[in-house]
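Each protein sequence line maps, in turn, to chains D and Y.
Using the numbering used here, the letters of the first sequence map in sequence onto residues 1 to 198.
Using the numbering used here, the letters of the second sequence map in sequence onto residues 1 to 406.
Backbone N, C-alpha and C fix where the C-beta goes; we use that ideal spot for every residue, glycine too.
Data block below; observations after.
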Amino acid sequence: MTTIPVVYVKGQYNHLIVRNLKELGVTSKLLSPSVPLEQLESMKPDALVMGGGPQSVRSPDKLTGELADAARLIRQVKLPMLCICVTHQLLATAFGGVTEAARKPEFGPVEISVLDDGRILEGLGPSFTAWESHNDEVVRKPDGFEVIAKSTSCSVEAMGHEKRDIFGVQFHPEVSHTTKGVDLFKNFLGIVEEHKRT
Amino acid sequence: MGERLSVAVQGFHPSSFLSEETGRIRDITQGKKVISAVSGGVDSTVATLVARQALGDNLLPIMIDTGLLRAGEPEQVKDRLSRSPISLKLRLVHASGRFLSSIKGETTAEEKRKKFRETFYQVLREEAQKEGCEYILQGTIAPDWIETQGGIKTQHNVLEQVGIDPATTYGFKIIEPLADLYKDQVRALGRHLNLPKEFSERQPFPGPGLLVRCIGSVTKKKIRVLKEATKVVETSLSPFNYEQYFAAIIENKFAKDPSTKTISETASEALGLPKSEVHAEVFEDRVTGVKGDQRCYGLVAGVKLSEESRETYGWLQDRLRQLQTGIVEKFPDITRVALLVKERRGGGPLSIIVRAVSTRDFMTAAVSPVPWKILKDIGQQIMKEENVSRVYYDITPKPPGTIEFE
Chain D
1 MTTIPVVYVK GQYNHLIVRN LKELGVTSKL LSPSVPLEQL ESMKPDALVM
51 GGGPQSVRSP DKLTGELADA ARLIRQVKLP MLCICVTHQL LATAFGGVTE
101 AARKPEFGPV EISVLDDGRI LEGLGPSFTA WESHNDEVVR KPDGFEVIAK
151 STSCSVEAMG HEKRDIFGVQ FHPEVSHTTK GVDLFKNFLG IVEEHKRT
Chain Y
1 MGERLSVAVQ GFHPSSFLSE ETGRIRDITQ GKKVISAVSG GVDSTVATLV
51 ARQALGDNLL PIMIDTGLLR AGEPEQVKDR LSRSPISLKL RLVHASGRFL
101 SSIKGETTAE EKRKKFRETF YQVLREEAQK EGCEYILQGT IAPDWIETQG
151 GIKTQHNVLE QVGIDPATTY GFKIIEPLAD LYKDQVRALG RHLNLPKEFS
201 ERQPFPGPGL LVRCIGSVTK KKIRVLKEAT KVVETSLSPF NYEQYFAAII
251 ENKFAKDPST KTISETASEA LGLPKSEVHA EVFEDRVTGV KGDQRCYGLV
301 AGVKLSEESR ETYGWLQDRL RQLQTGIVEK FPDITRVALL VKERRGGGPL
351 SIIVRAVSTR DFMTAAVSPV PWKILKDIGQ QIMKEENVSR VYYDITPKPP
401 GTIEFE
């Protein structure tokens, strides 16, 4: 059995991530980002997924309580991790990247160009339609990460850590209109299974 | 087109859900009587049937006539639910006068919704006291509490999740058997409970009813015109299997904000048409939208193309998408874009906006490609009402729009 809690940062689609994971046979539920590390460990999680939220990470020193807690989890937890939308931006800033107001914010369907279709984006290239909803975007990726997808308006639609199993995506794989989103979750589960074995 | 997005529902097992949930309801209520608030929609009907399995005659289903339901709806719902195999004895509570007077003079979406919620629970409290009930059962589903908790909009049936304790505020406790489910899962559960198709697949209708489709202030005239337009749109679009389709009404008052002055230019650029062919205006009243997971109470742009271009562009989905994203990207205060279908010069003071979307779970929605000919026909029929001078088609997905307007 695979257990993957979803860190709830008040985004509308966070609960849909739980639904996606349950549909793939994973044990999952929403979890507050303020969860103490010991309590998280007692759930014996195999990975973490973090959802989107209404907050902004443009000023890393002025994060809301929820995002400050989520940033703490990003730094402390050593499991495979998938961060979506605002937590993708949080992941970038936590590792030294930069998030700013998007030159062109994206809402609704966006064409995503896959730059590296290995690992988490396997089978999704050369491009696919994903749904988005963001006013900010990652403008400089952090060191140690590789940009693996972009769109015409946004240069970092997805990124992956070069050594660890940590991924960030700006778009929402959990909404039903991102029809290939379920493949992304399957790829992530494959990575989690591999991580469990090693 | 027309195929429902949710034929199979993976990983959801109606029978195990049912045995768990009926057990939970029995544990909570301990043989006491429970009032069930039914609207006739699939959520509250399925919630009621789940609870009836658990409680039998201790469940007392009522339906509140808010005056904001569709023409003839309360009586129709009461009649249809009373028939076999559902055989639910529904008691109608007439409260339309109270609802209309409570929202009188309110013009903003959130105030209207909050006034509606207040009246809704006052009426329920009186009914609970009459029956000596400690518990109210309702058909809240996941998107209801997610949107309310996230500050997108106040759903009338969400209290505890936003920190309102119903026991101290209204004197009763709330049971929500479907709170973790989405619409497609509720429909699957309904089919499992042998709910006739007309209910399990019924077109969704919001709890506050026409209130959220009557943009800005609510008047008897607007509600009357909206009820007629709703009939036209529902009759014309029901054969298409769109998950949601309806009419909204807005007054022809236009914003004079200088920051939106260049909107016609933006629209013509996005469409690749000469400026003389495109004219865009921004309505004064605001509607609910969602941008970057945040509520955005934004403006509606109405775009008019010259008659000839309209005939060509009316059905070019890609172009309409460019038009919508072009405007929303450039003007942060605008969340919706609607395309003019038909107009009558010198006509009445109201516009009707037609909306049709495809959605699995009501969390995201794509604009449905309603055939241009059908839209024109709808426009023609609605224009018979002299108070309406324009009919538009909403070309905004969710996000940045929401499915309903307020």
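Boundaries of the alpha helix (DSSP H) in which residue i is found, first to last residue
i, result
"residue 106 of chain Y", "Element bounds for residue 106 of chain Y: n/a, residue is neither H nor E."
"residue 161 of chain Y", "Unbroken run through residue 161 of chain Y: none, as it is neither H nor E."
"residue 188 of chain D", "181–197"
"residue 82 of chain Y", "73–82"
"residue 116 of chain D", "Residue 116 of chain D -> no alpha helix (DSSP H), and no H or E assigned at all."
"residue 357 of chain Y", "Taken as a continuous stretch (DSSP letters only), residue 357 of chain Y belongs to no alpha helix (DSSP H), being part of the beta strand (DSSP E) at 350–358."
"residue 191 of chain Y", "183–192"
"residue 40 of chain D", "37–42"
"residue 144 of chain Y", "142–149"
"residue 137 of chain Y", "It is not in any alpha helix (DSSP H) - residue 137 of chain Y instead sits in the beta strand (DSSP E) that spans 135–137."
"residue 401 of chain Y", "No alpha helix (DSSP H) holds residue 401 of chain Y; DSSP gives it neither H nor E."
Through-space distance from residue j to residue i, alpha-carbon basis
i, j, result
"residue 52 of chain D", "residue 20 of chain D", "15 Å"
"residue 246 of chain Y", "residue 116 of chain D", "43 Å"
"residue 166 of chain Y", "residue 174 of chain Y", "7 Å"
"residue 208 of chain Y", "residue 13 of chain D", "23 Å"
"residue 263 of chain Y", "residue 341 of chain Y", "19 Å"
"residue 292 of chain Y", "residue 178 of chain D", "16 Å"
"residue 301 of chain Y", "residue 35 of chain Y", "44 Å"
"residue 163 of chain Y", "residue 86 of chain D", "25 Å"
"residue 314 of chain Y", "residue 320 of chain Y", "8 Å"
"residue 102 of chain D", "residue 196 of chain Y", "48 Å"
"residue 156 of chain D", "residue 74 of chain D", "19 Å"
"residue 106 of chain D", "residue 81 of chain D", "24 Å"
"residue 103 of chain Y", "residue 201 of chain Y", "31 Å"
"residue 56 of chain Y", "residue 70 of chain D", "46 Å"
"residue 290 of chain Y", "residue 172 of chain D", "15 Å"
"residue 225 of chain Y", "residue 95 of chain D", "57 Å"
"residue 317 of chain Y", "residue 367 of chain Y", "9 Å"
Residue span of the beta strand (DSSP E) that contains residue i, given as start and end
i, result
"residue 231 of chain Y", "Not the beta strand (DSSP E): residue 231 of chain Y falls in the alpha helix (DSSP H), residues 220–237."
"residue 145 of chain D", "145–150"
"residue 201 of chain D", "In the structure as shown, chain D starts at 1 and stops at 198, and residue 201 of chain D therefore has no counterpart that could be examined."
"residue 298 of chain Y", "294–305"
"residue 50 of chain Y", "No beta strand (DSSP E) contains residue 50 of chain Y, which is instead part of the alpha helix (DSSP H) from 42–55."
"residue 129 of chain D", "127–140"
Below-9 Å beta-carbon distance, residue i vs any chain Y residue
i, result
"residue 136 of chain D", "yes"
"residue 154 of chain D", "no"
"residue 25 of chain D", "yes"
"residue 88 of chain D", "no"
"residue 22 of chain D", "yes"
"residue 83 of chain D", "no"
"residue 19 of chain D", "yes"
Neighbour list for residue i in chain D, Cβ cutoff strictly below 9 Å
i, result
"residue 314 of chain Y", "In chain order: nothing, as chain D lies at least about 20 Å away."
"residue 291 of chain Y", "105, 107, 133, 134 and 135"
"residue 328 of chain Y", "105, 107 and 108"
"residue 338 of chain Y", "The contacting residues do not exist; residue 338 of chain Y stays about 15 Å from chain D at best."
Residue-level contact to chain D via CB, residue i, 9 Å cutoff
i, result
"residue 242 of chain Y", "no"
"residue 112 of chain Y", "no"
"residue 11 of chain Y", "yes"
"residue 406 of chain Y", "no"
"residue 324 of chain Y", "yes"
"residue 369 of chain Y", "no"
"residue 366 of chain Y", "yes"
"residue 135 of chain Y", "no"
"residue 182 of chain Y", "yes"
Beta-carbon neighbours of residue i, restricted to chain Y and to distances below 8 Å
i, result
"residue 125 of chain D", "Result: empty, since nearest Cβ-Cβ is about 22 Å, beyond 8 Å."
"residue 144 of chain D", "Here the premise fails: no neighbours, minimum Cβ distance about 27 Å."
Cross-chain neighbours of residue i in chain D, by beta carbon under 8 Å
i, result
"residue 363 of chain Y", "12, 13, 16, 175 and 176"
"residue 150 of chain Y", "10, 11, 12 and 54"
Chain-ordered chain Y contacts of residue i [CB-CB under 7 Å]
i, result
"residue 53 of chain D", "293"
"residue 72 of chain D", "Within chain Y, no residue comes near residue 72 of chain D; the closest Cβ sits about 21 Å away, beyond 7 Å."
Neighbour list for residue i in chain Y, Cβ cutoff strictly below 9 Å
i, result
"residue 62 of chain D", "Within 9 Å Cβ-Cβ: nothing; residue 62 of chain D doesn't reach chain Y, min ~17 Å."
"residue 75 of chain D", "Here the premise fails: no neighbours, minimum Cβ distance about 23 Å."
Cross-chain neighbours of residue i in chain D, by beta carbon under 7 Å
i, result
"residue 360 of chain Y", "176"
"residue 399 of chain Y", "107, 108 and 133"
8 Å Cβ cut-off: residues of chain C touching residue i
i, result
"residue 147 of chain Y", "Among the protein chains of the structure shown, namely D and Y, there is no chain C."
Segment contact flag, the stretch 263–281 of chain Y with the stretch 320–328 of chain Y, C-beta cutoff 8 Å, min 3 pairs = yes
At least three beta-carbon pairs within less than 8 Å, the stretch 110–130 of chain Y to the stretch 228–235 of chain Y = no
Can we say the stretch 9–18 of chain Y touches the stretch 103–115 of chain Y, given the rule of at least three CB pairs closer than 8 Å?
-> no
How about the stretch 396–403 of chain Y and the stretch 342–353 of chain Y: do they share at least three Cβ pairs that are nearer than 8 Å?
-> no
Using 8 Å as the threshold, is the stretch 173–193 of chain D in touch with the stretch 17–31 of chain D, meaning 3 or more CB pairs across them?
-> yes
With contact counted as at least three CB pairs below 8 Å, one residue from each stretch, are the stretch 34–50 of chain Y and the stretch 72–84 of chain Y in contact?
-> yes
Does the count of Cβ pairs from the stretch 203–221 of chain Y and the stretch 35–44 of chain D closer than 8 Å reach three?
-> no
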